[in-house]
Structures are given as C-alpha cells and as structure tokens.
Amino acid sequence: MTGTAAARPPATQPANKPLFELIRIHTRAQVLEQLRIPVAVLSSTVFPTLALVFFVLPQTAVTSDPQASLMSIAQLAVFGVMSAFLFNYGIGVAEERANPWSSYVRTLPVGAFPATVARAITAMMFAFFALVPVLVVGATTTAGLQLYTDGTLSWWRIPVSVVVWLLCGLPFLFLGLLIGYLCTSKVAIAVTQVVFFPLAFAGGMMLPPVIFSPGLNTFSQFLPSRAARDISVSALSGEDLPATSVLCFLVWTVLLCAGAVWANRRDQGRRFR
Amino acid sequence: MTAPSRSFQEVLAAAHGVSKAYGATTALDGVDFTVTAGETVGLLGPNGAGKSTLLNLLSGLRQPDSGRVELFGQDPRNPLARQALGTTPQATSVPATLRVRETVDFVGSHYASPVPTAELLDGFGLGAASNKQCGGLSGGQQRRLLVALALVGRPRLVILDEPTTGLDVEARENLWERLADYRAGGGTLLITSHYLDEIQTLASRVVVINGGSVVADGNVDAIRSRVSISRVSFHTSLPPSYFESQPGTVSASLSASGATTVLTHDADDTVRRLVREQVEFRGLEVHAASLEEAFISLTQRAGGPEHNTERKAAR
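Residue numbers (this note's numbering), protein chains in the order written: chain A, 1 to 273; chain B, 1001 to 1315.
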C-alpha cells in the first residue's frame, strides 16, 4: 500500500462544475423537494387568488370600474409575490441553517452562490404559478379586461406585468434572506409575520393608497412595498409612475441586497455552534 | 512518532497549530495533525473531545480561530479544495421528500466523474430502494445511503464521522467491506467510531484526542504499548470499589456474569496484591487490554468518571 501511494504523482485537481450547471442541479433538487409537498405548493399558489376572491370581488364598485380592477389585481399580485419571497426565504433559510443536510451540502465542491440563486429561481417559479390564476380570475370576473379589449392598453403589458411583479419581489427576497440568516427558525417565523403585514398594509397592497390619510401616505412613500406596489400597478394599468417610486425601489433593493450578502458572510463561520 | 516513510508522501489534509473556541469553551487547543495519501486514520476520543470540530475544520464547515487548516494544499473553505473530498451528512438528515436516486444524482453531479448512481446503489444493497423517498428508508438503509454519498464522487479522501452508529451487525459488515474496497483502490480514510474494535482492525494509524489536544498518535500497537494496560478478571465476593483504590489501577467493575474486572497499569503487581492481601478469588484471567480499554485510560487522566458514563451512553 505504502509503495503505490508513494509512487503516485501528485494528482492534478479536477476542476469544479461550471456555475450554470451547479445552479441547474440545485434548482432541480429544490423544485423536486417542493413539488413532493403538494399542499404547500397549492396553498402558496392559490393564496393571492383567494385574496382577490374574498376582498375584491364583493366590492362591485371596484369590479365594475376597469381602472380600479386592474389596480386591485396588480396590488394582490405583488402582494402574493412578496409573501412567497418573504416566507420562502425568511423561514426557509432559517430552517435550512438548522438542518444538518445543508451543512453537508456545504462540504460538497460548491460555494454558497449556486444554492442561493437556485432558491431565487425556485421562489420565482412558484410565485409565477400563483400569478396565473390571479390573472385568469381577474380577467373573467372584473371589468379590468375592458381596457385591453377596447384598445386603451396594449396586450404586451400583460406578460411585461408578470415579469415586473416578479422583479418587484426582489427587495423582499433579500429581506427574507437577511431575516433567515440572522434568526433561528422560530424567531424568523415571528419576525417575518411582524414585518410582512405592516409592510403589505402600509404599502397599499391591501387597500389602495388613495384612501390613506396624508400622514400615512407620506410615510408609505418611503416603504419598499409601496414602491413595488406603484411599479406593479403602473405596469398593468398604465397609471402614471412617479420617478420617486422607482428611486425608492432601487435604493431599498440595493440596501437589502447588501444586507443579505453581509448576513450571509457573517453567518458562514459560525452557523453550527 | 511520525514514521519516516510518511514524510515524503503527499499530505492530503493537515492542521497546523489549530485552535478553536466557542465562547468560553475551548474545542481545539494547538492541534497538529496530518493525513497522508493511502493512510487509514482512526480518530478516537470521548464526546466533546474536539473530534467533530477537527473534522468540520478539515471539511471547510468552520474556520479556525488561529493556526492553519489545509485540504489538498488549499483552504478547505475554497470549493475547489473539496473536489476530491467525500463526507457523510449526519444521521437522519437526508432530504425526506427526495428519492434515493435523485439524492445520489444531486450529490454526484457536483463531481467531475461520479460513480454511476445505479452501480453505487447496487453496491450498497440499495438498488431496490432507489425509487423510494429518502424519508421512507429504514434506519439502516439511511445510514448506508449516507456513506454511499461520501463515495459517489470517487474522492481521494473520505472523512466519516461515526458511520456505523445505529447499524445492525450485517449492515456494519457490509459497510466495512465497502470501505475496505475503497481503501484497496488507493483511497485515504479518516474515520471516527465508537466501535473501537473495528477501528483496531481497519486503521493503520490511530490518533487519540482529548480536551482539544492530541494525546496520542501512532499505529495501533504503539498506542497500546504506550499505555500498556492489562485486564485482570476474577470472581470474588468483594465489591469492585475495594480494588479501585489500589495503586496502578485504572478502573474496576463488575460484569453481568459476576466477574470483577480490574484494568491496571501493572498486572503483576495487582495479582501479587490479591495474593498478599489474601483476597478470596477464583477463575483468575489476565489479558492485554483492548484498544478501547487503552483509550479509556488515555482519556481518563483529564476527566473523571463522567467520561465513562458519557462514552457508554453514546454507544
């Protein structure tokens, strides 16, 4: 044994798999894992649609007004994306950190980046599936579609809106990561819920900001949820988009992204005390 | 202590003066440790000795507070350094909803030339279970899957943390056979186990770690002769505590069969005492201590009897 081992030349280190390939296999594993729990997939998929059915459809003043309908659909769509990202990340990452399997995965020849990107892709994919029924129910039960059939709005807005809604989830994805890396899973559940509802409400995702008091409205304009809501509504309904909303959105995205990266780096060395 | 023949061999993993503390608890204190190509190293020590911390440092899960850790000449926290490393997840941590085949595919696809999944699963007797979800496997099947995962990437170094815990005899033998195959193919193995008799037959070198420091490092015989513990057993009506206080005695205990066993540094002296003090005894037997017993005496210096109970509980 000694002879053969000594005679062997120093092995050249085989290269690691290309980044794209690593992202693909991590995404595949995560999607499969999620799909095997159909209840969880189903509940997150129908959540925004249910909100539309229960909170918007009974208000005939809204459903008979095309502009108000489109606004409500867009608000609930981005609400669904935000909840999917916040909960998937905030709680998912915190749970994963406590799971020995994920510590095993960190001994594989792969960095933290592919798994994180795979998580984002998976979350976007399931959020996308949640948006489709919202659009279908919205188109069939409200007056919103009128603006498209009568030519006021062009059809390209619909696919573009879906992409915009998913992108509008980005700051909440980073916020979820931040929470997930800083908290244990029990704390993360509480923190996510405490953060989620005020953000959604004050961001005008449940009730339109036009009925806000001036004070609440001003406060609202500094929130990422309000900025995401404004951009989402504008994409679908053609409503004017204030430049401040875009600026606010970008600032929050950059800040929260930096926070998520910081939390991830900080976490590496002392996850498993 | 290091055999001269090892000095020109390639070092696969090494710790140089490594210390690591968690808050006020020191897990490792200035540890020097190397694994060279082709070796099988058994890492022994009681719970809390720092074994897992050392393995975590070598596999890139943690960073040392001071000192340097190397894996294939690189920082283990660099993913490239881990291309030729195989490890096992801890028990019962496999993703419950993934199928066995998918789990092996997932891990294997991180490596340049993985063992084909079907071939690997057949080798571990898991071929029939390849379409089951991991959560539906029996405990023994899960353990086998975990070790299979360590070997899927054709690693040059495999690190196993107590791979046989919770396995029945048959599954354990199957496992050691697989590991012997791996070793015969030129593989290097770093392994911890509570089944010390198995380490005794498998390992070419044993490192004993206690209280965060390496207390012994050498081949099995060297470790044994260093501690030179003998086991003197006999039947008597006196309680074991009577013998514990005698000089040279490591421990004394009463077995289920009614025999009193005294572990001693000097068997001759112990027997002489029995005769001189006119202790009534029968069925006297004297044996060289097993590695396990040697290990108890090595690690007992720093700890009290609680080490013993902890170790027993862990088995």
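Each residue gets a CB set at the ideal place from its N, CA and C atoms; glycine is no exception.
The structure displayed is predicted, hence computed values, not measured ones.
Next on the checklist: Under 7 Å, Cβ to Cβ, is there at least one residue of chain A near residue 1114 of chain B?
Outcome noted: no
Checklist entry - Can you give, in chain order, each stretch of the alpha helix (DSSP H) that sits fully within the region 1124-1177 of chain B and has at least 4 residues? => result 1139-1151
Checklist entry - Measuring CA to CA, which of B:1284, B:1112, B:1186 and B:1241 is closest to residue 17 of chain A? => result B:1112
Item to check | Contact check, residue 1162 of chain B vs residue 1117 of chain B, beta carbons under 7 Å | outcome: no
Checklist entry - Since residue 1090 of chain B meets chain A, which of its residues come closer than 7 Å, beta carbon to beta carbon? => result 100
Checklist entry - Name the residues in the region 105-120 of chain A whose C-beta lies less than 7 Å from a C-beta of chain B; which are they? => result 106, 107, 108, 109, 110 and 111
Next on the checklist: When you compare the CB positions of residue 1052 of chain B and residue 1087 of chain B, do they come within less than 7 Å of one another, or not?
Outcome noted: no
Checklist entry - Alpha carbon to alpha carbon, what distance is there between residue 220 of chain A and residue 28 of chain A? => result 38 Å
Item to check | Same chain, Cβ closer than 7 Å to residue 1027 of chain B, neighbours up to 5 away in sequence not counted | outcome: 1020, 1021, 1050, 1053 and 1212
Next on the checklist: For the structure I just gave you, are there three or more beta carbon pairs, one from the region 206-220 of chain A and one from the region 174-187 of chain A, closer than 8 Å?
Outcome noted: no
Next on the checklist: Using only CA atoms, which one of A:76, A:190 and A:222 lies nearest to residue 91 of chain A?
Outcome noted: A:190
Next on the checklist: By the DSSP assignment, the alpha helix (DSSP H) with residue 41 of chain A in it spans what residues?
Outcome noted: 38-51
Checklist entry - First and last residue of the beta strand (DSSP E) that includes residue 1233 of chain B? => result 1230-1236
Checklist entry - Can you name the residues that DSSP bridges to residue 1218 of chain B? => result B:1206
Checklist entry - In this structure, does DSSP put residue 1016 of chain B in helix, strand or coil? => result strand
Next on the checklist: Let's see if you can read the secondary structure: which residues bound the beta strand (DSSP E) around residue 1252 of chain B?
Outcome noted: 1249-1254
Checklist entry - Can a CB atom of chain A be found closer than 7 Å to the CB of residue 1110 of chain B? => result yes
Checklist entry - Can you pull the DSSP bridge partners for residue 1288 of chain B? => result B:1230
Checklist entry - Are the region 159-176 of chain A and the region 73-82 of chain A touching, with three or more C-beta to C-beta distances below 8 Å? => result yes
Checklist entry - Of the choices B:1288, B:1158, B:1172 and B:1081, whose alpha-carbon is the least far from that of residue 1040 of chain B? => result B:1158
Next on the checklist: Quick check on the burial criterion: 16 or more other C-beta atoms within 10 angstroms. Buried or exposed for residue 1032 of chain B?
Outcome noted: exposed
Checklist entry - Is residue 135 of chain A near residue 238 of chain A, with beta carbons less than 7 Å apart? => result no
Next on the checklist: Considering just the uninterrupted stretch of the alpha helix (DSSP H) at residue 73 of chain A, what are its terminal residues?
Outcome noted: 66-98
Checklist entry - Is the region 1160-1176 of chain B in contact with the region 114-122 of chain A, if contact means three or more CB pairs nearer than 8 Å? => result no
Checklist entry - Per DSSP, what kind of secondary structure is residue 274 of chain A in: helix, strand or coil? => result Any question about residue 274 of chain A goes unanswered here, given that chain A covers just 1 to 273.
Next on the checklist: Using 8 Å for Cβ pairs, my map puts residue 1140 of chain B next to residue 1168 of chain B. What's the rounded Cβ distance?
Outcome noted: 6 Å
Item to check | Cutoff 6 Å; reference residue 263 of chain A; Cβ partners in own chain excluding five residues on either side | outcome: 178, 181 and 182
Item to check | Inter-residue spacing [alpha-carbon to alpha-carbon] between residue 1230 of chain B and residue 1287 of chain B | outcome: 6 Å
Item to check | Extent of the continuous alpha helix (DSSP H) run through residue 1191 of chain B | outcome: Segment 1188-1192 is the beta strand (DSSP E) holding residue 1191 of chain B; no alpha helix (DSSP H) there.
Item to check | C-beta neighbour in chain A for residue 1083 of chain B, strict 7 Å | outcome: yes
Checklist entry - For the 8 Å Cβ check, are there 3 or more pairs between the region 1267-1283 of chain B and the region 1235-1243 of chain B? => result yes
Checklist entry - Whose CA, out of B:1181, B:1120, B:1176 and B:1241, lies closest to the CA of residue 1153 of chain B? => result B:1120
Item to check | Reduced DSSP category for residue 1066 of chain B - H, G, I as helix; E, B as strand; rest coil | outcome: strand
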